[in-house]
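Residue numbers (the working numbering): 770 to 1087.
The beta carbon of each residue, even a glycine, is placed where N, CA and C say it ideally should be.
Have a look at the structure below, then the notes.
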């Protein structure tokens, strides 16, 4: 599995058991982390205590450090507890508290993350009903050893294949590679990655993702971002509870391209060179036309009910 189709959040919660890294928490804790059906990050915390819990009325925690496998320290940010259940074991004079919370983000960083050479964003809601012009080449190298008596012969056959599921884009001077994974059964969308060469700022990447969403006809949902050094060692990781799913309505809209994005008559194809020109043009005028606000209005209109959509799109145009 490569960085183009692996999900670091899934790896994190599959390979780890967590403990709270805070001296104020002296109780026994069992912590589980997952995503729910709407892609929210959910924290389940089971606490066993022999005394009355503190801060019972507090349902928001700004930051919580946790330790995972190999004592890797992750930071949970903006934890909103929405469920609390207590059970008392009179025999042992213990109280068990089971609580659930929404988590805005989970973050980990190494000492060298500022020197990252690549950034990979794992995203969802990528449309599947258009052909993309570029390929992802995969090469598998397998070593075979042959031994005849005392003579050892090494052979390295190479197998390679490619598939058309990528757009190699250049926006201004920034190299951007959008790739999508295999189709989800019965869905008009799938997940995938945006790969950036270099270390562009989050503000720049947010702009690029907003413009990309408009031109490929679906709003891209950011789930996580990972930074890698020149040797593809991970140096930084952050997973998000997405803020732009419109209560999951973003996954149900029809894919609509604003204009033809190819040099041919085939309107089912998106050509990366044509798309790059439009993306760069929009990028130069992003702040001038307040595209961040316009795109917010546009996607809320697209996700609105059928009987109000025309009015909301008309108001957005005005």
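Using only alpha-carbon positions, find the residue among the options that is nearest to residue i.
| i | options | result |
| --- | --- | --- |
| residue 832 | 853, 790, 798, 864 | 790 |
| residue 842 | 828, 901, 869, 786 | 786 |
| residue 856 | 885, 849, 850, 865 | 865 |
| residue 962 | 894, 1013, 954 | 894 |
| residue 777 | 986, 997, 807 | 997 |
| residue 966 | 946, 1065, 953 | 946 |
| residue 1072 | 1061, 1022, 837, 1064 | 1022 |
| residue 881 | 851, 1006, 988 | 1006 |
| residue 803 | 908, 1069, 782 | 782 |
| residue 952 | 845, 1055, 898 | 898 |
| residue 848 | 840, 835, 806 | 835 |
| residue 875 | 1031, 853, 976, 846 | 846 |
| residue 906 | 1062, 944, 948, 883 | 948 |
| residue 999 | 1044, 884, 863, 913 | 884 |
| residue 924 | 892, 912, 800, 896 | 912 |
| residue 830 | 840, 844, 839 | 844 |
| residue 799 | 867, 853, 1056 | 867 |
| residue 975 | 878, 1062, 1029, 816 | 1062 |
Does DSSP put residue i in a helix, in a strand, or in coil?
| i | result |
| --- | --- |
| residue 1064 | helix |
| residue 906 | strand |
| residue 912 | coil |
| residue 863 | strand |
| residue 959 | strand |
| residue 815 | strand |
| residue 868 | strand |
| residue 836 | strand |
| residue 1055 | coil |
| residue 893 | strand |
| residue 1069 | helix |
| residue 782 | helix |
| residue 773 | coil |
Where does residue i land, buried or exposed, given buried means 16+ other C-beta within 10 angstroms?
| i | result |
| --- | --- |
| residue 994 | buried |
| residue 780 | exposed |
| residue 711 | Only positions 770 to 1087 of the chain appear in this structure, which leaves residue 711 out of reach. |
| residue 955 | exposed |
| residue 1046 | exposed |
| residue 1067 | buried |
| residue 1004 | buried |
| residue 837 | buried |
| residue 971 | exposed |
| residue 1064 | buried |
| residue 851 | exposed |
Could you say if the stretch 1009 to 1018 and the stretch 878 to 891 meet the contact criterion of at least three C-beta pairs nearer than 8 Å? no
Okay, do the stretch 933 to 948 and the stretch 1047 to 1057 touch, 3+ Cβ pairs below 8 Å being the bar? yes
Is it the case that the stretch 892 to 908 contacts the stretch 1036 to 1043, given that we only count it when at least three CB pairs across the two stretches are under 8 Å? yes
Is there contact here, the stretch 801 to 812 with the stretch 870 to 877, by at least three beta-carbon pairs under 8 Å? yes
List, from N- to C-terminal side, the beta strand (DSSP E) runs of 3 residues or more that fit wholly inside the stretch 926 to 1009. 927 to 940, 943 to 949, 958 to 966, 990 to 997, 1003 to 1009
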